[in-house]
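Visitor:
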Amino acid sequence: MSADMAALPRLRPEQQITRDRLLRSASELFMAEGFHTTSVDRIAAHAGYSRSAVFGSFSGKAEIGAAVLDEMYGHVTDRMRLVRVTTVEQLVSTVTTWGYLAVSRPGWIRLELSLAGPSAPTRSVPLARLISALGGWFTRAAEDIGVQAAEGEEVAYVLMSTLAGLLTAHPDSTDITTGLVRQRVELVLKTFIPHQLNGATATTGRTP
Numbered sequence: 006m007s008a009d010m011a012a013l014p015r016l017r018p019e020q021q022i023t024r025d026r027l028l029r030s031a032s033e034l035f036m037a038e039g040f041h042t043t044s045v046d047r048i049a050a051h052a053g054y055s056r057s058a059v060f061g062s063f064s065g066k067a068e069i070g071a072a073v074l075d076e077m078y079g080h081v082t083d084r085m086r087l088v089r090v091t092t093v094e095q096l097v098s099t100v101t102t103w104g105y106l107a108v109s110r111p112g113w114i115r116l117e118l119s120l121a122g123p124s125a126p127t128r129s130v131p132l133a134r135l136i137s138a139l140g141g142w143f144t145r146a147a148e149d150i151g152v153q154a155a156e157g158e159e160v161a162y163v164l165m166s167t168l169a170g171l172l173t174a175h176p177d178s179t180d181i182t183t184g185l186v187r188q189r190v191e192l193v194l195k196t197f198i199p200h201q202l203n204g205a206t207a208t209t210g211r212t213p
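All letters in the sequence shown, in the order written, are residues 6 to 213 by the numbering used here.
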C-alpha cells in the first residue's frame, strides 16, 4: 500500500468492507460504461447495497471516481517499486508491457478526463504524482543499467502524451498491438538513452 493510501483515516472493518465493495463495483462500471452514464443508484445496486450506503462512505459520485483512480494509481506505484531492469531490452520490454496495458484498457483515461476541472475532488494520488513516480522509476532504471540518461520525469510526461496520441489515432483500442506500442516506446526512449537504445535496436534488428 502506498504511503498516501496508508495515511487515509482508518475505518471500522465493516465500513472498510462496504467501501471496498463499492469501489470495486464503481471501478467495473466506470471502466465498462463510463463515468457520466453510471449513476449512484447503479453503483449501489451493482455492489448489493442501498443508495444510503453509498452516501455513508462517499459524498457523491465524483468522490467515488477520485477514490477509484487513487486505488488504481496507488496499486500501480506499489508494483512499480518492485520492478527492476538491468538491460536496455528489459527496459523497452517492460515499458512496452505497461504502455500496452494502459492503452488497451482506456477507461481510466476517460475517467481521469471526466474528473478534470476546478471543482474536481481532492486526490491522494493525482495523475501528476503517478507520472512523477514513473519518472523516478526511469531514473533508477538508467542507474541500474549503468547508462547516462535524460531527466526521467520529462520522459514520463512524453511517454504519457505519446500513449494518449496513440489512443486518439486509434479510438478502437483493439486496433492497437504490442508491436505498435513498442515502436512508440522506442521512439520515446531514444530521447532518454539515445546511444544505448540505438545499439539495442540495431542488435535486435528492429526499426522504429
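Just so you know, even glycine gets a beta-carbon here, dropped at the ideal spot from N, CA and C.
Computed from a predicted model, the values in this text were never measured in an experiment.
Start and end of the alpha helix (DSSP H) containing G184?
Guide: Working through the sequence shown from its first residue, we reach residue 184 at position 179. Taken as a continuous stretch (DSSP letters only), the alpha helix (DSSP H) holding G184 covers 183-194.
Visitor: When you compare each of V186, P18, E159 to I198 by their alpha carbons, which one comes out closest?
Guide: Within the sequence shown, the letter at position 193 stands for residue 198. It is E159 whose Cα lies nearest to the Cα of I198.
Visitor: For D75, count neighbouring Cβ atoms within 10 angstroms of its own Cβ and tell me buried if that reaches 16, exposed if not.
Guide: As a position in the sequence shown, residue 75 is number 70, starting the count at 1. So D75 ends up on the buried side.
Visitor: Smallest Cα separation from L171: which of V59, T196, P111?
Guide: Counted from its first residue, the sequence shown places residue 171 at position 166. The option with the nearest alpha carbon to L171 is P111.
Visitor: Grab me the residues of T92's own chain with a C-beta within less than 7 angstroms of its C-beta, minus the 5 sequence neighbours each way, in chain order.
Guide: Translated into the one-based positions of the sequence shown, residue 92 becomes position 87. Result list for T92: I150, in chain order.
Visitor: Who are the near neighbours of Y78 in its chain, counting only those whose CB is closer than 7 angstroms to its CB and skipping five residues on each side?
Guide: Taking the first residue of the sequence shown as position 1, residue 78 is located at position 73. V130, L135, listed in sequence order.
Visitor: So what does DSSP say about Q153, is it helix, strand or coil?
Guide: The residue labelled residue 153 in the question sits at position 148 within the sequence shown. In this structure, Q153 counts as coil in the three-state DSSP scheme.
Visitor: Using a Cβ distance threshold of 8 angstroms, determine whether the segment 89-108 contacts the segment 173-186, with at least three qualifying pairs required.
Guide: Touching, yes, given that three or more Cβ pairs across the two stretches are closer than 8 angstroms.
Visitor: Could you give the distance in angstroms between the alpha-carbon of F63 and the alpha-carbon of A125?
Guide: Residue 63 sits at position 58 when you count from the first residue of the sequence shown. Residue 125 sits at position 120 when you count from the first residue of the sequence shown. Taking the straight line from one Cα to the other gives about 14 angstroms.
Visitor: If you count every other CB in all the chains shown that lies within 10 Å of the CB of V24, and 16 or more means buried, which is it?
Guide: Within the sequence shown, the letter at position 19 stands for residue 24. Per the sequence shown, residue 24 should be read as Arg rather than Val. The residue in question, R24, is buried, as its Cβ has 16 or more Cβ neighbours within 10 Å.
Visitor: Is the beta carbon of V193 sitting closer than 7 angstroms to the one on T167?
Guide: As a working note, residue 193 is residue 188 in the sequence shown. As a working note, residue 167 is residue 162 in the sequence shown. Against a cut-off of 7 angstroms, the Cβ pair of T167 and V193 comes out as a contact.
Visitor: Using only the alpha-carbon positions, how far apart do D148 and T196 sit?
Guide: For the purposes of this step, residue 148 is taken as the residue at position 143 of the sequence shown. For the purposes of this step, residue 196 is taken as the residue at position 191 of the sequence shown. One detail in the question is off: residue 148 reads as Glu in this sequence, not Asp. Cα-Cα distance, rounded: 16 angstroms.
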